[in-house]
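Chains A and B, in that order, are what the protein sequence lines are. For the first sequence, my numbering begins at 1 and goes up steadily by one. For the second sequence, my numbering begins at 177 and goes up steadily by one. See structure below.
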Amino acid sequence: MSANGARVSATAAALRSLFDESFTAAVVSQSELIEDLLAIRVGADPYMLCLSEIAGLYADRRIVAVPSPVAQLLGIVGLRGMFAPVYDLAALLRYAPAASPRWMVLAAGPHPVGFAFESFEAHVQVARASLVNDEGQAASAVTTRQHVRGNVRAAGALRPIIHIASVVETIRNNHS
Amino acid sequence: MIDNWTFGKKIAAGFALSFVLLLAIGAVSYRSISKLTDTSQWVTHTHEVLEHIAAVLSLLKDAETGQRGYIITGDVAFLEPYNAGSGEVLGVVKELRTLTADNPNQQKRLDAVERLIPAKLGELKQAVDLRRAGDVDGVTKLVRSGEGKRTMDDLRHILDQMDAEERGLLQQRDQEGASAAGGAKSIIIFGTLLCLLLVTAAGALITSSLGRQIGSSVGQIQSSSSELQAAANQQATATKEQATAMSEISTTISELLATSRQIAESAQRVAQIAGQTASAARSGDATVSTAHDSITTIRRQVDLIVNHMLELGKKSQQIGAVLDIVAELAEQTNILAINATIEAAGASEAGKRFAVVAEEIRKLADRVAGSTKEIRGLIEDVRSSVNTTIMTTEGGSKSVDAGASQFSQVAAAFGEIAGLVSTTTEAAREIELSTKQQATAVEQVNVAITSAAQATKETEASSGQTLQTAVELGGLSRALLRIVRPQAAHAVFATHASAE
Numbered sequence: 001m002s003a004n005g006a007r008v009s010a011t012a013a014a015l016r017s018l019f020d021e022s023f024t025a026a027v028v029s030q031s032e033l034i035e036d037l038l039a040i041r042v043g044a045d046p047y048m049l050c051l052s053e054i055a056g057l058y059a060d061r062r063i064v065a066v067p068s069p070v071a072q073l074l075g076i077v078g079l080r081g082m083f084a085p086v087y088d089l090a091a092l093l094r095y096a097p098a099a100s101p102r103w104m105v106l107a108a109g110p111h112p113v114g115f116a117f118e119s120f121e122a123h124v125q126v127a128r129a130s131l132v133n134d135e136g137q138a139a140s141a142v143t144t145r146q147h148v149r150g151n152v153r154a155a156g157a158l159r160p161i162i163h164i165a166s167v168v169e170t171i172r173n174n175h176s
Numbered sequence: 177m178i179d180n181w182t183f184g185k186k187i188a189a190g191f192a193l194s195f196v197l198l199l200a201i202g203a204v205s206y207r208s209i210s211k212l213t214d215t216s217q218w219v220t221h222t223h224e225v226l227e228h229i230a231a232v233l234s235l236l237k238d239a240e241t242g243q244r245g246y247i248i249t250g251d252v253a254f255l256e257p258y259n260a261g262s263g264e265v266l267g268v269v270k271e272l273r274t275l276t277a278d279n280p281n282q283q284k285r286l287d288a289v290e291r292l293i294p295a296k297l298g299e300l301k302q303a304v305d306l307r308r309a310g311d312v313d314g315v316t317k318l319v320r321s322g323e324g325k326r327t328m329d330d331l332r333h334i335l336d337q338m339d340a341e342e343r344g345l346l347q348q349r350d351q352e353g354a355s356a357a358g359g360a361k362s363i364i365i366f367g368t369l370l371c372l373l374l375v376t377a378a379g380a381l382i383t384s385s386l387g388r389q390i391g392s393s394v395g396q397i398q399s400s401s402s403e404l405q406a407a408a409n410q411q412a413t414a415t416k417e418q419a420t421a422m423s424e425i426s427t428t429i430s431e432l433l434a435t436s437r438q439i440a441e442s443a444q445r446v447a448q449i450a451g452q453t454a455s456a457a458r459s460g461d462a463t464v465s466t467a468h469d470s471i472t473t474i475r476r477q478v479d480l481i482v483n484h485m486l487e488l489g490k491k492s493q494q495i496g497a498v499l500d501i502v503a504e505l506a507e508q509t510n511i512l513a514i515n516a517t518i519e520a521a522g523a524s525e526a527g528k529r530f531a532v533v534a535e536e537i538r539k540l541a542d543r544v545a546g547s548t549k550e551i552r553g554l555i556e557d558v559r560s561s562v563n564t565t566i567m568t569t570e571g572g573s574k575s576v577d578a579g580a581s582q583f584s585q586v587a588a589a590f591g592e593i594a595g596l597v598s599t600t601t602e603a604a605r606e607i608e609l610s611t612k613q614q615a616t617a618v619e620q621v622n623v624a625i626t627s628a629a630q631a632t633k634e635t636e637a638s639s640g641q642t643l644q645t646a647v648e649l650g651g652l653s654r655a656l657l658r659i660v661r662p663q664a665a666h667a668v669f670a671t672h673a674s675a676e
């Protein structure tokens, strides 16, 4: 039993304790002060997605490709008895198309739309007060900047927050 | 041709010539002297015969004289000559016959004399007897008869003949003796002169020839003596150098002897060390064999370790697979938690409580995911360590194999070393023995060198003697040349003196 083994045991004990505490802790809602975000990467750049703008996070979903003049459309996917188009978020943000995006989020709203991307990093909760509206730090492209509604400093970097509704609106506008 | 004769041959020839001449002269002289002696003897003989003839006549005269005296006087004293003469005359005649035995004429005359003498003596005796008887008349008658006188006359005549013949012979022999003496004188004189002449000539010839030869030889001897002197000087110098070299050689041989003894001692020590090394090599061989067995055991243990490590690697892979499932479950849990949070956000107040649980589940999933990453890292470390251990172990196994092979080689090398050490031991012992023999030989050489050095010293002394002898030989040659060729010797002396 080495130091790593001891650390693993300590981690398991901490997890067990945390799991038990989750059922014993008092319910304290601080949702008004907390913003749930998903840390992702598009291309090589870090971004954030607001959890309030998405209806679900999925991984390794089978996307059925359909012929379409829209280059950003990857196909359609079946979710909970409904079909939703899936777009390449990197292509929509003017990045090079992703080779095989594994992750996908479903945008909230009356018309479900999926956005696929390569890497999901973590679910983070930040205080709303830490959100900043500096639009020019990470997203340099004009197209990208129009889909960014703010920035948040998390995981050691200043991450732009992608405005999903803006992206959906752009797609709708392009189709109409 | 005579120049080619040897010294002894020339001397012998000269002496032979002188000997022949002396022999010839001696022979001729001997012959002449013998002849002269014979002649002298014959002369003496003739004189003796003449004396006997004269004695016979004298005795007859004495007898007749005594007879006459007695007849006349009647004195017996006068008979003494008669008695002597009559008694001795026949003996003298007999001697005379002996002396003239080689002369027939004289023998015939003696026959007559021997007939007449008894008659004469008878007549005388008759007269004496008559006188003694006193018959003077008868005596006178007898005398007057003349018988006695006739007999005496015959005897005188015969004796005269004998005397004459003897005197003739005497004269003849005197002449022969004179002739022989003259011949002998002539032979002696002329032979001596001839001999002197020939001997002188031969002497001059031999002297001249020998003088040339001896002079030439003496010259050569002088030259040779000079060369011998120079050679003796060189030999003396060389002998001194040789003596010095012998001394150095003797010193070197002594050092060599000491070195040989040291080598022998070193070889003995080498043999002892080689023996110890052989023992150590045999011990090392046994140790290597034991080590080889140990390495074989280690090889088996290493194989077991490798197998266990491979098994550990497989188990790690299985753990990794399980961990993938855990990670996937954590990820799915996280997704479910996120989705639950999303759903809870739209579920009013009840959803908030559910969102808390979902948040806790998500945190738990995050922690599980983090722990899974750590475990994956640990497993990767374990796998890497296992792989490294396997590679290291396989390397160790190969090293063990190489070590086993090397140990086999070392064992073989030890065996070879043992054999070589045995050979070395034998060689060292042979070296020791050879070196001892060499030391003995060197001692013998040292003794021989010492003897040679002694001989060199003796040679040096002999060289000095040779030099002295060469000098004396030169002096002797000059003296000899002075004896045989004074002029040449004078010239040689002048040259030698100027050279000196």
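Cβ coordinates follow ideal geometry from the N, Cα and C atoms, glycine included.
Checking the DSSP bridge columns, you'll see residue 173/A has no partner listed. Residue state for residue 63/A is assigned as coil, using DSSP reduced to three classes.
Check the Cα spacing between residue 271/B and each of 582/B, 502/B, 532/B and 232/B: the tightest is with 232/B. Annotation for residue 6/A: no residue places its beta carbon closer than 6 Å to its own, counting only its chain and skipping 5 residues before and after. Here the C-alpha atom of residue 228/B lies approximately 58 Å from the C-alpha atom of residue 187/B. Around the Cβ of residue 115/A, a 10 Å sphere holds 16 or more other Cβ atoms; the residue is buried.
Cβ neighbours of residue 429/B within its own chain (closer than 7 Å, five residues either side excluded): 618, 621, 622 and 625.
Between the alpha carbons of residue 353/B and residue 225/B lies a distance of about 18 Å. Listed in chain order, the positions of the stretch 548 to 560 of chain B with a beta carbon within less than 8 Å of a beta carbon of chain A are 550, 551, 554 and 557. Sixteen is the threshold: when 16 or more other Cβ atoms of the shown chains lie within 10 Å of the Cβ of residue 257/B, as they do, the residue is buried. Taking a C-beta cut-off of 7 Å against chain A, none of the residues of the stretch 558 to 590 of chain B qualify. Taking 9 Å as the cut-off, the beta carbon of residue 509/B is found closer than this to the beta carbon of residue 541/B. One Cα belongs to residue 98/A, the other to residue 475/B, and the distance between them is close to 53 Å. In this model, residue 105/A and residue 555/B are separated by some 32 Å (Cα to Cα). The residues 615, 618, 619 and 622, in chain order, have a CB closer than 8 Å to that of residue 433/B in the same chain once the five nearest residues on each side in sequence are set aside. Taking a 10 Å sphere around the C-beta of residue 58/A, we find 16 or more other C-beta atoms and assign the residue as buried. Two segments are said to touch when three or more pairs of C-beta atoms, one from each, lie closer than 8 Å; by this definition the stretch 295 to 305 of chain B touches the stretch 246 to 260 of chain B.
For residue 151/A, the secondary structure class from DSSP, reduced to helix, strand or coil, is strand.
For residue 514/B, the nearest beta carbon of chain A is closer than 9 Å to its own beta carbon.
Residue 242/B sits close to residue 260/B, with the two beta carbons spaced by under 9 Å. When the alpha-carbon of residue 132/A is set against those of 11/A, 41/A and 48/A, the nearest one is in 48/A.
Judged by beta-carbon spacing, residue 219/B lies within the 9 Å limit of residue 350/B, meaning their Cβ atoms are closer than that value. In the three-state reduction of the DSSP assignment, residue 479/B falls in the helix class, which pools H, G and I. In its chain, beyond the 5 residues on either side, 440, 443, 444 and 447 have a beta carbon closer than 7 Å to the beta carbon of residue 608/B. Interface flag for residue 494/B against chain A is unset, since no Cβ pair is found closer than 9 Å. Contact annotation: residue 41/A and residue 121/A have beta-carbon atoms nearer than 9 Å. The C-beta of residue 88/A has 16 or more other C-beta atoms within 10 Å across all chains shown, which makes the residue buried.
Residues of the same chain with a CB within less than 8 Å of the CB of residue 198/B, apart from the 5 flanking positions on each side, are 371 in chain order. Cβ-Cβ distances below 7 Å link residue 451/B to 601 in the same chain, with the five nearest sequence neighbours on each side left out; the list follows chain order. A check of alpha carbon separations from residue 127/A across 50/A, 43/A and 46/A identifies 50/A as the nearest.
Of the candidates 534/B, 659/B and 298/B, 298/B places its Cα closest to the Cα of residue 325/B. Counting the other Cβ atoms within 10 Å of the Cβ of residue 574/B gives fewer than 16, which makes it exposed. Within the same chain, 489 and 492 come within 7 Å of residue 559/B by CB-CB distance, once the 5 residues on both sides are set aside. Under the 10 Å beta carbon count, residue 66/A is surrounded by fewer than 16 other beta carbons and is classified as exposed. Annotation for residue 33/A: no alpha helix (DSSP H) segment contains it, and DSSP assigns it neither H nor E.
Rounded to the nearest angstrom, the Cβ distance from residue 425/B to residue 656/B is 43 Å, too far for a contact under 8 Å.
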